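Chemist: Residue 84 in this note's numbering sits at position 74 of the sequence shown, with consecutive numbering throughout.
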Amino acid sequence: MSALATSRLVDAPSQSFGIQPFDAPLGAEILGLDLTQPLNDADFARIHQAHLDHGLLVFRKQRITAEQQIDFSRRFGPLQIHVLKQFLLANHPEIFIISNIQENGQPIGLGDAGKFWHSDLSYKEFPSLGSMLLAQELPEEGGDTLFASQQLAYETLPAELRQAIEGKHAAHSYTARYADEVFAGIRRPTLTEAQLAEVASVVHPVVRTHPETGRKGLFVNENFTTHILDIPEDESRQILAELFAHSARPEFIYRHQWQPHDLVFWDNRALIHLAAGCPGHLRRRMHRTTIQGDVPF
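#1: For F193, collect the residues of the same chain with a Cβ closer than 8 Å to its Cβ; drop the 5 residues on either side in sequence, then sort them by chain order.
#2: Cα separation between D154 and R70?
#3: Return the first residue and the last residue of the alpha helix (DSSP H) that A169 is part of.
#4: Using three-state DSSP, classify S141 as helix, strand or coil.
#5: May I have a chain-ordered list of the alpha helix (DSSP H) segments no shorter than 4 residues that lie completely inside the segment 221 to 254?
#6: For the candidate residues A280, K134 and T46, whose alpha-carbon lies nearest to that of Q302?
#7: For S83, count neighbouring C-beta atoms within 10 Å of its own C-beta (all shown protein chains included) and say buried if the count is 16 or more, exposed if not.
#8: Do E277 and F136 have their C-beta atoms within less than 8 Å of each other?
#9: Tell me which residue opens and which closes the beta strand (DSSP E) that R265 is part of.
#10: State whether the segment 228 to 244 contacts the segment 46 to 55, with contact taken as three or more CB pairs (one from each stretch) at a distance under 8 Å.
#11: May I have the straight-line CA-CA distance separating N110 from R294, to the nearest angstrom?
#12: Among the residues of its own chain, which have a CB less than 8 Å from the CB of S257, if the five just before and after it don't count?
#13: Are the CB atoms of G28 and Y264 within a distance shorter than 8 Å?
#14: What's the C-alpha gap between S138 and S246?
#15: Put L8 into one of helix, strand or coil per three-state DSSP.
#16: In this structure, how does DSSP classify A3 when only helix, strand and coil are distinguished?
#17: So, is Q96 buried or exposed, given that buried needs 16 or more other C-beta atoms within 10 angstroms?
#18: With a threshold of 7 Å on Cβ separation, who are the neighbours of L99 within its own chain once the five nearest residues in sequence on each side are excluded?
#19: Give the DSSP-derived three-state secondary structure of R83 in the structure shown.
#20: Can you list, in chain order, the residues of its chain with a C-beta nearer than 8 Å to that of S141? Leave out the 5 residues immediately preceding and following it.
#21: Kindly identify the DSSP beta-bridge partner or partners of T299.
#22: Which residue's Cα is closest to the Cα of T200: A22, R187 and G42?
#23: Do I175 and I91 come within 8 Å of each other at the CB atom, strictly closer than that value?
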């Protein structure tokens, strides 16, 4: 089991809140919880279990500060700092800004984040346990995020495809599709040699076991996975294409339609996600914290 952060709030008063599963393959809404208030150990344990049970939690109307988002995230484990340092929140490097807004001719955040299906930081030796995304400014149209259960995807794999990936490992690289122009006119910042060294390619199992639930799920994605090891290149390409197509079938997906001040917390060990996008002239700004996970097995 992944070790949770050691901060404890035994004496904080309990909050009365509910857990309402969505009518979807994954996800639940936490009803009546105020994250501006201290969260005691018993309440935190309920949230932690709900996250394991449902894969994704939605906390509505959370007008929390950067410090409060960081503190809540850190209850689950150490936080990871994104390689694009220019998009970290001033004085709070734990928060990565995802935004299409430009100020003084410069982007304030990563404008095209999540345009291919992926699991956050699967390209790191210690991929993310989970991510928390807080809505700061939302467009009037579009901007949805889709999430797909990779455990359901694995459990419904055709027998032949499941056999083909048994015991296999795959390489993940941050730069696999880094230069792809996913929106007209949008290019990502050029990475320095130091940044490239920070995101060197890694190898993970094609099927990972969730360290806290023991459930198996696919752990490849179209954004960062480059190839399967120890098989011919054409065979790797074919298998990955089949896995990518299967992993995002509609019956595995929850589509989140953002509301002001939503905080969404998802499990990168169990899900992949995709940003649906919005018209470029509409402003969107989100703040993400990313919790470090374990080496996949």
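Idealized CB from N, CA, C, for every residue including glycine. Only a predicted model underlies this, so the values are computations on that prediction, with no experimental measurement involved.
Modeler: Walking through what the data contain:
#1: Bear in mind that the predicted position of F193 carries a pLDDT of just 46, short of 50, making it unreliable; the figure below should be weighed with that in mind. The beta carbon of F193 lies closer than 8 Å to those of G121, D122, K125, G287 and G290 in the same chain, with the five residues before and after it left out.
#2: Straight-line Cα distance between these residues: approximately 15 Å.
#3: Its alpha helix (DSSP H) spans residues A169 to I175.
#4: Look at S141 here: in three-state DSSP terms it is strand.
#5: Complete alpha helix (DSSP H) runs here, min 4: none at all.
#6: Looking only at A280, K134 and T46, the smallest Cα-Cα distance to Q302 is reached by K134.
#7: Of the residues assessed, S83 falls on the buried side of the cut-off, its CB having 16 or more other CB atoms within 10 angstroms.
#8: Here residue 277 turns out to be Asp, not Glu, going by the sequence shown. Their beta carbons are not under 8 Å apart, which means D277 does not touch F136 by this criterion.
#9: Going by DSSP, R265 is part of the beta strand (DSSP E) stretching over I263 to H266.
#10: Cβ pair count under 8 Å is below three, so no.
#11: Rounded to whole angstroms, N110 and R294 show a C-alpha spacing of 6 Å.
#12: Its chain contains W127, A158, Q160, A163, L228, V230, N231 and I282 as the residues whose beta carbon lies nearer than 8 Å to that of S257, once the 5 sequence neighbours on both sides are disregarded; these appear in chain order.
#13: Their beta carbons are not under 8 Å apart, which means Y264 does not touch G28 by this criterion.
#14: Roughly 25 Å separates the two Cα atoms.
#15: The question about residue 8 has no answer, for the chain in this structure spans 11 to 307.
#16: Residue 3 lies beyond the range of the chain shown here (11 to 307); nothing can be said about it.
#17: Within a 10 Å sphere around the beta-carbon of Q96 sit fewer than 16 other beta-carbons, which makes this residue exposed.
#18: These residues qualify, in order along the chain: A76, I105, I107 and H297.
#19: Going by the sequence as given, residue 83 is Ser instead of Arg. Looking at S83 - three-state DSSP - the assignment turns out to be helix.
#20: Once the five neighbours on either side are set aside, the close Cβ partners of S141 are D130, F275, W276, N278, R298, T299, T300 and I301.
#21: T299 is bridged to M142.
#22: Among A22, R187 and G42, the Cα nearest to that of T200 belongs to R187.
#23: With contacts defined as CB atoms closer than 8 Å, I91 and I175 fail to qualify as a contacting pair.
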